[in-house]
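Contents: one structure, followed by commentary.
Protein chains: 2
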Amino acid sequence: MKNFRDLPTPSLVLDLERFEANLEKMSRFVAERGVALRPHAKTHKCVQIGRRQVAQGAIGICVATIAEAEVLSGAGIGGLLITSELVGEPKVSRFINVLKSKPDTMLVVDNAENVAHLQDSLRQAGLYASVLIDLDVGQNRTGVKPGKPAHALAVTVDRSPNLRLEGICAYAGHLAHVKGFDNRRQASRAAIQQALETRESLRRDGHHVPILTGGSTGTYNIDSEMEDITEIQPGSYVFMDVEYRRIGGSAGDVYEDFAPALCVLATVVHSSPGKAIVDAGLKAFATDRPFGPEPLSLKGVKYEFAGDEHGRLIIESPSEPIRLGDKHRFIIPHTDPTVNLYGRIHCIRGEEVVDVWPIMERAGGYF
Amino acid sequence: MKNFRDLPTPSLVLDLERFEANLEKMSRFVAERGVALRPHAKTHKCVQIGRRQVAQGAIGICVATIAEAEVLSGAGIGGLLITSELVGEPKVSRFINVLKSKPDTMLVVDNAENVAHLQDSLRQAGLYASVLIDLDVGQNRTGVKPGKPAHALAVTVDRSPNLRLEGICAYAGHLAHVKGFDNRRQASRAAIQQALETRESLRRDGHHVPILTGGSTGTYNIDSEMEDITEIQPGSYVFMDVEYRRIGGSAGDVYEDFAPALCVLATVVHSSPGKAIVDAGLKAFATDRPFGPEPLSLKGVKYEFAGDEHGRLIIESPSEPIRLGDKHRFIIPHTDPTVNLYGRIHCIRGEEVVDVWPIMERAGGYF
Chain H
3 MKNFRDLPTP SLVLDLERFE ANLEKMSRFV AERGVALRPH AKTHKCVQIG
53 RRQVAQGAIG ICVATIAEAE VLSGAGIGGL LITSELVGEP KVSRFINVLK
103 SKPDTMLVVD NAENVAHLQD SLRQAGLYAS VLIDLDVGQN RTGVKPGKPA
153 HALAVTVDRS PNLRLEGICA YAGHLAHVKG FDNRRQASRA AIQQALETRE
203 SLRRDGHHVP ILTGGSTGTY NIDSEMEDIT EIQPGSYVFM DVEYRRIGGS
253 AGDVYEDFAP ALCVLATVVH SSPGKAIVDA GLKAFATDRP FGPEPLSLKG
303 VKYEFAGDEH GRLIIESPSE PIRLGDKHRF IIPHTDPTVN LYGRIHCIRG
353 EEVVDVWPIM ERAGGYF
Chain R
3 MKNFRDLPTP SLVLDLERFE ANLEKMSRFV AERGVALRPH AKTHKCVQIG
53 RRQVAQGAIG ICVATIAEAE VLSGAGIGGL LITSELVGEP KVSRFINVLK
103 SKPDTMLVVD NAENVAHLQD SLRQAGLYAS VLIDLDVGQN RTGVKPGKPA
153 HALAVTVDRS PNLRLEGICA YAGHLAHVKG FDNRRQASRA AIQQALETRE
203 SLRRDGHHVP ILTGGSTGTY NIDSEMEDIT EIQPGSYVFM DVEYRRIGGS
253 AGDVYEDFAP ALCVLATVVH SSPGKAIVDA GLKAFATDRP FGPEPLSLKG
303 VKYEFAGDEH GRLIIESPSE PIRLGDKHRF IIPHTDPTVN LYGRIHCIRG
353 EEVVDVWPIM ERAGGYF
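First to last, the sequence lines map onto chains H and R. Using the working numbering, you'd call the opening residue of the first sequence number 3 and step up by one each time. Using the working numbering, you'd call the opening residue of the second sequence number 3 and step up by one each time.
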C-alpha cells in the first residue's frame, strides 16, 4: 500500500483514527445528553462521511446548498435539512426534485415571498414539504427576527397547504468562535434564549414547532444544556481546524474536545537560509481568517502565505532539519472553505493511504 | 438561448466582448512593442482560453503547476513554461511524461539538488529538457539570488547533459500591484535591472541565455520597455479584478488598460431594511485581499463577507431597487484563486449564454 508521503501535493490527508474518535465522541455525547444530532455536511461535502455520521446515530444531515442536498439524497441519505434559504430559480425546482426522492427533506424559510414561490411549485408538483423558520438570533445574516416577524411568517406557512411548519432553526454562527468557554456559554445561552421564547409563544398561538435546532462545534455542549433544544448541527468536529483550537475548551486554552484529523500535505520546494517554501498557498488553504496554517508535528517554524501556489516557512528553531523534497502536514486555518478547494480526501491509518473519498464539486450550489 | 440570469448561482460569468477586447489589446501591444507573449494560465486554468491566446499570437503558455502542464499539453498546446520548481516525486516523473508529448516544455530551476534529480530522471528516460534559472529579484519566495548563486546554478545546469540552459525567469510578483504607474515603473525597473545584469554576466561566462521572461498584468508595458526582456507572462489581463483596477494606470487612478470581463453571478436570497444577502460568500470568492467584491453595475451598495455561502450587501443609496431573487454580477477581488473555486466559466454575449468552458480541477497540482 501507498505511504501518504508519496501522494501528489498539495493534498488533503485525513487521519482516520482521529476522525473516528471525533465521530465516536460526538455520538456518545448526544446519546448521553439526550439530544438528537444532525451534523452539518458543509464542512466535509462528502458522501462517505455523511454515511458514517448516519451509521453512528445521526438522525439526518444538514446541508448548506441545494447541490449538497442533491448529492447526499442521490446517495440514499435521508433526513436532510437545508439550512440556507432556496430563493428563485433554478433552486426551487431543484428542491422539488430532491423532495421526489427524499420526501423528508426539510428547508428553512425567512420570507413570505419565498414561501409563496415554494407553495406554488409544490402544489404544481403535488408534493408537500416540511419547513423550519430560520430565526435570526443575532448573526445579522438570513432569518427573521424573533417576535412579530417570526409569528407573521409562521402564519404564512400555516396558510400554505403544501408546506408544513416543523419548528425553528436558530443557528448562532457568530458565536461559534467566541473565545473562552464561559464567555461562549454566556453569549450562546442569551442567543438561544430568544429561540426558546419564540418557540414557546408560537406554541401558545397554536403553531406546530416540534423541532428546535442550533449548535455548532463550538457550542454543542452549551446549546444542548438547554432542554428545549431538540437537535444540534455541528460540522467542524469531524476534522477540526486552527480556528476552533484557538477558542478554548471547558478544560483549557486549547479547545481539544475533538482532535485535528484533517491536514494539507505539502512539499518543501525551495530551501535557503532561514526560509523554506512549500507548494501550498492561496489555492491550497482558504485565507478568510487572520492566521495561517500550523504545522502538525514540525515545531519552531511559522507559515506565511506567499502567493497562489506557495507558502513560506520562517524557520526559527526547527524541531527537525527541513530539507528540499520533505513533505509536511499542516492543520487548516478554517476547514469548510478549505475542503471546498479540493476534489478528494486521502484517508490514512498510520502512514498508509487506505481510502480516497470524493468531495462534491466546488462553489457551493452548482453542478 | 439561455439568459445568464437563469444560471444557477453562484457562478462565473465571462463577458466575451470584453474578454476578446482584452486579448486583442495585449496581442496588438506585444506586436507593436516587439516582445513575445507567453501568458500565464494560472489565472484561467482553462484550455479554451489557452487556445485563444495561442491563436492570437502567444508563443506558448506559462503554467504554475504540473497539473496545468498536463492538461494544456494533453489539449495539444505547446510552448509551455512551468514557472514553479517541480521538486520531488511524483512531480518530476509527471514532468517527464509531459516532455514525451511536448518536448519543448520548459521548467524553472533554483536548486542543484533538484537539477540532479531532473538530470537522473531525464537520462533514464532518454529525454532532454530546456530550463530557465528562476531568479529571485526581490520576491523572497523561490529563485536563486542574482550574482554568484545564479552563476553556480548555471554551471550545474551546463554540466547536466540532459538539461539545456535557455535563459532566466525573473518574475517580480511582489511589484505587480505597486500603486501608481510611476512608482510601479521605478520599482519594477530596479528589480528587472538585476536580471539584465545577471544575464549579461552569464553571457560573458559563456552560458546560453537567450530567454529573459518577466512581467505581469501590472508591468506588461513597463518591463517590456527594457530591450533585453524577450518575453512577458501576464495572466490577469484576460479577466481583470478589483485588485488590479486599484493599482492605477498610466492614465489615471483606475487601471483601465483592460476591462473587467469576469464576474461572479449571485442571487439575492434575503432582504430586510438596509440589508440584502446574496448567495456568494467565502466559497464563492477568494478572500486573500483586504477588500471584497464590487458590484458590476449596481451602485450605492457595499459587499461584505457573511460566511461560507453568503455575502451581505449594505444598502446605502442603491441605484436600483434590490429585490428578493434578483441576480447581480460582482467584480472579483483577486481573480486567480477565485477562478480556482469553480468548475466552469459561462460565456455570454450581451445577456445570452453562448458557451461553457471547463476549468481544470482545483488545488493546483493534483489530479
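Using N, Cα and C, we set each Cβ at its ideal position, and we do this for glycine too. Fair warning: this is a prediction, and the values are worked out from it, not measured in the lab.
Using a CB distance below 9 Å, the part of the stretch 295-313 of chain H facing chain R consists of F307, A308, G309, D310, E311 and H312, ordered along the chain.
An exposed status is given to S252 of chain H, since fewer than 16 other beta-carbon atoms sit within 10 Å of its beta-carbon. Counting the other Cβ atoms within 10 Å of the Cβ of N223 of chain H gives 16 or more, which makes it buried.
When DSSP states are grouped into helix, strand and coil, T200 of chain H belongs to the helix group. Under the criterion of beta carbons closer than 8 Å, H312 of chain H and G283 of chain H qualify as touching, at roughly 4 Å. Going by beta carbons, L267 of chain R and V15 of chain R fall inside the 7 Å limit. For P105 of chain H, the closest of H:V146, H:L165 and H:A60 by C-alpha to C-alpha distance is H:L165. The criterion of a C-beta distance shorter than 7 Å is satisfied by T215 of chain H and C171 of chain H. Contact note: S86 of chain H reaches chain R through V271, D281, E311 and H312, using a C-beta cutoff of 8 Å and chain order.
At a cut-off of 3 residues, the continuous stretches assigned as beta strand (DSSP E) that sit fully inside the stretch 189-248 of chain H are 213-216. The alpha-carbon of K27 of chain H is positioned some 48 Å away from that of V111 of chain R.
Residue-level contact by beta carbon holds for K285 of chain H and chain R, with a gap shorter than 7 Å.
L39 of chain R has its alpha-carbon roughly 11 Å from the corresponding atom of R30 of chain R. G90 of chain R sits close to T269 of chain H, with the two beta carbons spaced by under 7 Å.
With a cut-off of 8 Å on Cβ pairs, the stretch 233-253 of chain H is in contact with the stretch 201-218 of chain H, counting three or more such pairs. C-alpha of L101 of chain R to C-alpha of L120 of chain R: approximately 12 Å in a straight line. For T340 of chain R, the enclosing alpha helix (DSSP H) has its first and last residue at T337 to V341. Inclusion of I63 of chain H and L82 of chain H in the CB contact set at 7 Å is warranted, their separation being smaller than that value. DSSP places R96 of chain R within a helical segment (H, G or I) once states are collapsed to three.
Taken through DSSP and simplified to helix, strand or coil, L134 of chain H comes out as strand. Counted as a single uninterrupted DSSP element, the beta strand (DSSP E) harbouring G313 of chain R occupies residues G313 to I317. Under the 7 Å criterion on CB atoms, E318 of chain H is classed as non-interfacial with respect to chain R.
By the Cβ rule, the stretch 173-190 of chain H counts as touching the stretch 140-151 of chain H, because three or more pairs are nearer than 8 Å. Bounds of the alpha helix (DSSP H) holding F21 of chain H are L18 to R35.
Fewer than three pairs of CB atoms, one per stretch, sit closer than 8 Å, so the stretch 336-351 of chain H makes no contact with the stretch 319-327 of chain H. Contact between V244 of chain H and I333 of chain H holds: CB atoms are separated by about 5 Å, below the 8 Å threshold. The beta carbon of T337 of chain R sits no closer than 7 Å to any beta carbon of chain H.
The Cβ atoms of V358 of chain H and S226 of chain H do not sit closer than 7 Å to each other. Inter-segment contact for the stretch 39-59 of chain R and the stretch 291-306 of chain R is absent: fewer than three beta-carbon pairs are separated by less than 8 Å. Straight-line spacing of the CA atoms in D310 of chain H and Y246 of chain R works out to 16 Å. Assignment of beta-bridge partners to C265 of chain R by DSSP yields R:V15 and R:I333. Taking the CA atoms as reference points, V356 of chain R sits about 57 Å from G254 of chain H. Judged by beta-carbon spacing, G250 of chain H lies beyond the 7 Å limit of Y239 of chain H, meaning their Cβ atoms are not closer than that value. For the C-beta of K44 of chain R, the chain H residues within less than 7 Å are, from N- to C-terminus, D310.
In the DSSP secondary-structure assignment, C171 of chain R is bridged to R:D136 and R:T215. Your pair K304 of chain H and I316 of chain H checks out as a contact, with CB atoms roughly 4 Å apart and the cut at 8 Å.
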